[in-house]
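Asker:
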DNA sequence: AACGTCACGGCAATCGATTGCGGCTATGAC
DNA sequence: GTCATAGCCGCAATCGATTGCCGTGACGTT
């Protein structure tokens, strides 16, 4: 797998290879230089067809390509082969620190397989997402990794699909491969942690219910509290209408009326808003109220108090998503694997025994 | 400017447009449907040549394209026109919160002009950068926005260049357009702020000197302290060898031997490391030592103490970079404009009068 | 010596959009 | 009624790489 002739397209010098103005050298030039027909040169350059050319000829062609600094024309190749060796990575929000590490490991795996990663940011806007998807399709992306997580997302209904892998979202129809952190287990251990500290009145600041993560964590919270024998009356729930500090603040104000001794937030941003609400109400964290976040975004350890949170294996998620996609591209009709990667609870200073 | 026929390539339904398996409809199909020659259909679809076709025919072709859901083949078009309507954005580190807002505004401006943004992350690795640049060149990017900031960067020497704009780096040869925050002025106001609070012994935790930002801020610090009449003996300087908390910690430990009453850090991460060093030494910020960061990364306001820092107009930087690039693509031989955007000091709780 | 086999490489069509050139038709002028 | 002009459209070459098919020559076999 991989671009047939990448290995020998490298040039010694930076300048000529990467930044200098284009000096177009085509396959014809290489062929002329090696004194063969362009078709033959093509076969020599392509690992898959190389055995149809005499070894000595292959050497001559390779040599010529190297000398001339041949770079195959992506357009011509793509036009003929209908493949781009590019995959699109569709993110809801690049400024969310959750995604960059995922993107990075995706890029690493795909690059090793000869693929180019096209990152796009939909800014959580369906219209932008449509525009960008159309663009990626027009550029003939061979596959997609999709991290936008609205529950009524159109991919859910699509039947005959282009190769794609869903990230951070497992609630869709089972025909699409997906990778995500095991959020239910994550929420579960968070609740267990609080219960083991002695909490009995545990609230949940749920994220937006139209996002699959918000919905999934909410359900997981319900399951966990029930499983651990907490009365649902003791487990107040407020809904934040976005993953933001402001929404978290609003939801937390509501929540505090129910006087829980611990709170599980839908994500870290909501937890931050909750921290503000606690301060407002003159409550101390963790002595009055314990708090758990979700995602383990950077800098949380430096907060006051340092936030206990559920950590997602971002790098692994990216790696696995890329592998699944490569699988899918190679065998579009294979089974749609779905991977749940373990999350772990990072205990810091925002959780303690109730008074 | 812009892709000739974008406006009418939109399809009503998501599924068919964006996620469903490809149903290739070519220009021939449109032409057949509209009962014209493919060449004529092409002219009708292209705004620039539309006036060479009778209005009634244009309407028929447009109608046909709409009905059939025609999407021009990027490869075929690119092969013929040698343009991709794609630009590469080369970042040193996607996980650095400085960049996502810049990328976003870049994307917005470029999209409005019909261009696609290709984001790549070099991970601060020259070899990766070369690989990615070569890839972008192979994909015939029409231009580049480059935010990787090593001082001995190859673009500095390149003569005949592909259209590009440098971001956050103005120290290069003047032939390349560039946009950056006015870091010198930013450092200047930071130092002025400290002086106006009464500080006379102000240290600088400089960033890596092989990065243009590290070097530039260091020089700016020297200038500012001198201009304000501080003795250079009272202005100790330590060098961090990377923009990281660990390096900041190391450099700050050194620095504290000189007992400054205030410190200007090369960036926020270094400032965080400095905070740790202060804690280690039993020093309180800001009562014992005042501290100023640089970049205003997220969450700084929630720290203890909230960090005073220099804020960069990221969005504006992105917008201007994109505009400059479009300029450059349109007129590659025009003058290389260089833009310095004002920074401002965000005063929070980490700076106070010295005791 | 004649024939079959195989390895090698040339040939040309193809992918789909673009575009300069040239031809056709309709219109208007005299 | 004839000719000039311009508007409109078709034609075909072109961009560069890929690939199935076929021809050629060498070698081995009987």
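Chains as they are written, first to last, in our numbering: chain W, 252 to 606; chain F, 252 to 606.
Even glycine gets a Cβ: it sits at the ideal position worked out from N, Cα and C.
Model, not experiment: these values are computed from the prediction.
Measuring CB atoms only, is the region 477 to 484 of chain W touching the region 508 to 515 of chain F, in the sense that at least three cross pairs come out at less than 8 Å?
Answerer: no
Asker: Residue 529/W: which of 552/W, 504/W, 521/W sits nearest, CA to CA?
Answerer: Distances from the CA of residue 529/W to each of 552/W, 504/W, 521/W were compared; the closest alpha carbon is that of 504/W.
Asker: Leaving out the 5 sequence neighbours to the left and right, which residues in its chain are closer than 8 Å to residue 354/W when beta-carbon positions are compared?
Answerer: 340, 342, 368, 370, 569
Asker: Where do the N-terminal and C-terminal ends of the beta strand (DSSP E) with residue 589/W fall, by residue?
Answerer: 589 to 592
Asker: Flag residue 370/F as yes if its beta-carbon sits less than 9 Å from any beta-carbon of chain W, otherwise no.
Answerer: Yes, because at least one Cβ of chain W sits closer than 9 Å to the Cβ of residue 370/F.
Asker: Using the C-alpha atoms, what's the distance from residue 430/W back to residue 418/W?
Answerer: Taking the Cα positions, residue 418/W is about 5 Å away from residue 430/W.
Asker: Since residue 414/F and residue 580/F are thought to touch, with beta carbons under 8 Å apart, how far apart are those beta carbons, to the nearest angstrom?
Answerer: About 5 Å; that satisfies the 8 Å criterion.
Asker: Where residue 395/W and residue 551/F are concerned, what is the direct C-alpha to C-alpha distance, given to the nearest angstrom?
Answerer: One alpha carbon belongs to residue 395/W, the other to residue 551/F, and they sit about 35 Å apart.
Asker: Using a Cβ-Cβ cut-off of less than 9 Å, give me the residues of the region 593 to 604 of chain W that come near chain F, in sequence order.
Answerer: Contact annotation: in the region 593 to 604 of chain W, no residue has its CB less than 9 Å from a CB in chain F.
Asker: My understanding is that residue 276/W touches residue 292/W, with C-beta atoms under 8 Å, so please give their C-beta distance in whole angstroms.
Answerer: About 12 Å separates the two Cβ atoms, so there is no contact after all.
Asker: When you compare only the Cα positions, how much space is there between residue 390/W and residue 543/W?
Answerer: 43 Å
Asker: Since residue 474/W and residue 593/W should fall inside the 8 Å C-beta cutoff, what is the C-beta to C-beta distance between them, to a whole number of angstroms?
Answerer: Going by Cβ atoms, the distance from residue 474/W to residue 593/W rounds to 17 Å, so no, they are not a contact pair.
Asker: Can you tell me which of 364/W, 363/W, 386/W, 362/W puts its alpha carbon nearest to the alpha carbon of residue 373/W?
Answerer: 386/W
Asker: Enumerated in chain order, which unbroken segments of the beta strand (DSSP E) with a length of 3 residues or greater are wholly contained in the region 347 to 402 of chain F?
Answerer: 367 to 372, 394 to 397, all fully within the region 347 to 402 of chain F.
Asker: Assuming residue 587/F and residue 427/F make a contact with CB atoms under 8 Å, what is their CB distance in whole Å?
Answerer: 6 Å
Asker: Locate the alpha helix (DSSP H) running through residue 308/F, then write down its first and last residues.
Answerer: 306 to 319
Asker: I'd like the span of the alpha helix (DSSP H) that includes residue 413/F, first residue to last.
Answerer: The continuous stretches of alpha helix (DSSP H) do not include residue 413/F, and DSSP gives it neither H nor E.
Asker: Quick one: Cα of residue 595/W to Cα of residue 440/W, how far?
Answerer: Cα to Cα, residue 595/W sits roughly 8 Å from residue 440/W.
Asker: Could you tell me whether any Cβ in chain F is nearer than 9 Å to the Cβ of residue 374/W?
Answerer: yes
Asker: Leaving out the 5 sequence neighbours to the left and right, which residues in its chain are closer than 6 Å to residue 469/F when beta-carbon positions are compared?
Answerer: 457
Asker: Per the DSSP calculation, residue 597/W is bridged to which residue(s)?
Answerer: In the DSSP output, where bridge partners are listed per residue, residue 597/W has 560/W.
Asker: Could you tell me whether the Cβ of residue 329/W comes closer than 9 Å to any Cβ of chain F?
Answerer: yes
Asker: Just the Cα atoms here: how many angstroms apart are residue 598/W and residue 455/W?
Answerer: 18 Å
Asker: For residue 558/W, return the contacting residues in chain F, with the cut-off set at a CB-CB distance below 9 Å.
Answerer: Chain F residues near residue 558/W: none, gap ~10 Å exceeds 9 Å.
Asker: Which residues in the same chain have their Cβ closer than 7 Å to the Cβ of residue 288/W, if we skip the five residues on either side of it in sequence?
Answerer: Excluding residues within five positions, the ones whose Cβ falls inside 7 Å are 282.
Asker: Do the CB positions of residue 602/F and residue 537/F come within less than 9 Å of each other?
Answerer: yes
Asker: Closer than 9 Å, Cβ to Cβ, to anything on chain F: give me those residues from the region 343 to 354 of chain W, in chain order.
Answerer: 344, 345, 346, 347, 348, 350, 351, 352, 354
Asker: In the region 276 to 302 of chain W, which residues sit with their C-beta less than 9 Å from some C-beta in chain F, listed in chain order?
Answerer: none
Asker: Between 323/W, 465/W, 295/W, which has its C-alpha nearest residue 314/W's C-alpha?
Answerer: 295/W
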